[in-house]
Amino acid sequence: AIPLAQAYGQDTQKDHVVAWLNHLGNARVFTTTLGHHNETMQSEIYLDMVSRGLLWAVGKLEVDGSPSSGFEAPLASQLQGRRILAGDYSKKRIAIVDESGHVSWEHPIKDIHDLHVLPSGNILFQTSWTQLLEMSPDGEIEWSYDASTMNGNQGKRVEVHAFQRLANGLTMVAESGPRRIIEVDHHGVIHKEIALKVDHPDPHRDTRMARKLDNGHYLVCHEADHTVREYDRDGKVVWEYVTGGEVYGATRLRNGHTLIGNGSGHNVLEVNSAGEIVWSLSQRELPGIELAWVTTVEELPNGHFMIGNCHAGPQQPQIIEVNRDKKVIWSFLNFDAFGNAMPCSKVF
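Mapping of the sequence shown onto the numbering used here: residues 18 to 365, in sequence order.
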């Protein structure tokens with residue numbers, strides 16, 4: 018370990034942990050030194066590394082640390098660390114709960130269709146169709162925006178169903194009614210604006226989920242038009258897909274395809290750039306689960322999909338995690354904390 022310590026600028030007079038993997042054919046070997054065992058054997062980080070190494074060696078974990086196909090994690094492992102931020106406009110609350118139902122944060126709301134956990138730990142959410150708030154975990158309001166009165170909207174009918182904090186600190190707001198996307202700073206001043214194409218104007222249904230993509234384009238769900246559209250930086254439609262349902266959610270996958278939560282279509286669609294369906298999940302395809310109004314869709318780092326299942330009733334999960342083999346990995350159902358109108362959530 019001394020040459021490695023020298024190479025990485027570490028103290029060569031101190032014991033260091035060194036671990037490595039060997040993989041040849043079906044053979045897997047995980048090897049680790051103990052370092053100073055009186056310290057390492059009490060280190061949660063070290064014990065976690067050893068546990069993962071052993072699971073990898075027996076084929077229960079992939080190289081990236083995600084479970085192998087078909088591996089059933091113990092219940093304690095499945096539940097560890099999962100928290101759910103969700104909003105429900107029937108319960109009139111947004112809250113963070115763990116899987117035991119313990120509430121660690123909450124705030125009253127009237128309406129909600131979008132929410133975010135920011136890197137700072139603050140929560141970006143809405144309390145109504147026009148009022149946006151950024152709030153710290155201890156309840157301090159860090160930022161607010163009122164779409165009903167700001168930036169020329171006074172006296173107009175406007176609703177906000179999607180927003181996003183951007184990497185440059187601006188906040189993207191999709192406005193139904195005015196049919197536009199704006200990017201505003203901390204003072205609410207517009208730095209960018211594009212017009213949206215809407216064939217069936219309705220202040221409540223012009224948009225649902227909207228996200229700015231890494232390439233600077235905007236991916237927008239138009240509920241009334243049953244269409245997902247991609248706009249370039251100048252507001253030109255460069256791609257669109259008619260979903261056949263009152264679409265709610267869409268996200269651009271790492272493979273370049275678009276994953277769609279198809280609202281009243283009761284399904285999930287993965288569509289390529291040519292508009293071809295390459296993967297789908299229908300209403301009753303998961304054993305014992307029925308998809309109702311499919312809302313949010315998210316691609317997880319391990320390639321699984323997290324799906325919002327709204328208006329499905331008290332016997333059906335509100336959130337579902339599935340893999341590409343259409344196996345349910347995890348689900349969430351808590352009708353005490355949230356009810357039948359939980360359209361948006363974030364598991365973290």
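Note that beta-carbon positions come from the ideal geometry of N, C-alpha and C, so glycine has one too.
Rounded to the nearest angstrom, the gap between the Cα atoms of S165 and F47 is 59 angstroms. Around D115, the same chain offers R100 as residues with beta carbons nearer than 6 angstroms, after the five sequence neighbours per side are excluded.
Where Q181 is concerned, the enclosing beta strand (DSSP E) starts and stops at 176-182. Taking a contact to require three or more Cβ pairs closer than 8 angstroms, the region 226-241 and the region 187-195 qualify as touching.
At a Cβ-Cβ threshold of 9 angstroms, V311 and G266 count as neighbours. Cβ neighbours of M152 within its own chain (closer than 7 angstroms, five residues either side excluded): H124, N139, I140, I158, E159.
The DSSP-derived three-state label of G104 is strand. Taking all protein chains in view, the Cβ of R301 is surrounded by fewer than 16 other Cβ atoms within 10 Å, so the residue is classified as exposed.
Scanning L286, G292, A291, E293 for the CA closest to the CA of S299 turns up L286. The closest CA to that of I294, considering only S107, E307, I277, is found on I277. Within a 10 Å sphere around the beta-carbon of H119 sit fewer than 16 other beta-carbons, which makes this residue exposed.
Membership of D163 in the beta strand (DSSP E) is indicated by the continuous run 158-163. If you check the CB distance, I306 and N326 come in under 9 angstroms. Straight across, the Cα-Cα distance linking A329 with K214 is about 31 angstroms.
Cβ atoms of V237 and R246 come within 8 angstroms of each other, at about 5 angstroms. Distances from the alpha-carbon of V75 to those of R271, R45, G156 put R45 closest. In this chain, R225 is not harboured by any beta strand (DSSP E), its DSSP state being neither H nor E.
Note that the C-beta distance between P334 and L350 is below 9 angstroms. Following the DSSP letters along the chain, one finds L298 inside the beta strand (DSSP E) bounded by residues 294-298. Positions of the beta strand (DSSP E) runs, each at least 3 residues long and wholly inside the region 190-248, are given as 197-201, 207-212, 227-229, 235-239, 244-248 in order along the chain.
Apart from the 5 residues on each side of it in sequence, N170 sits with its Cβ closer than 7 angstroms to the Cβ of A164, P195 in its chain, given in chain order.
Taking C-beta separations shorter than 7 angstroms and ignoring five residues to either side along the sequence, the partners of L187 in its chain run E200, V201, D202, H208, following chain order. For A36, the pairing in a beta bridge is given by DSSP as T49.
With fewer than 16 other Cβ atoms inside 10 Å of its own Cβ, T50 counts as exposed.
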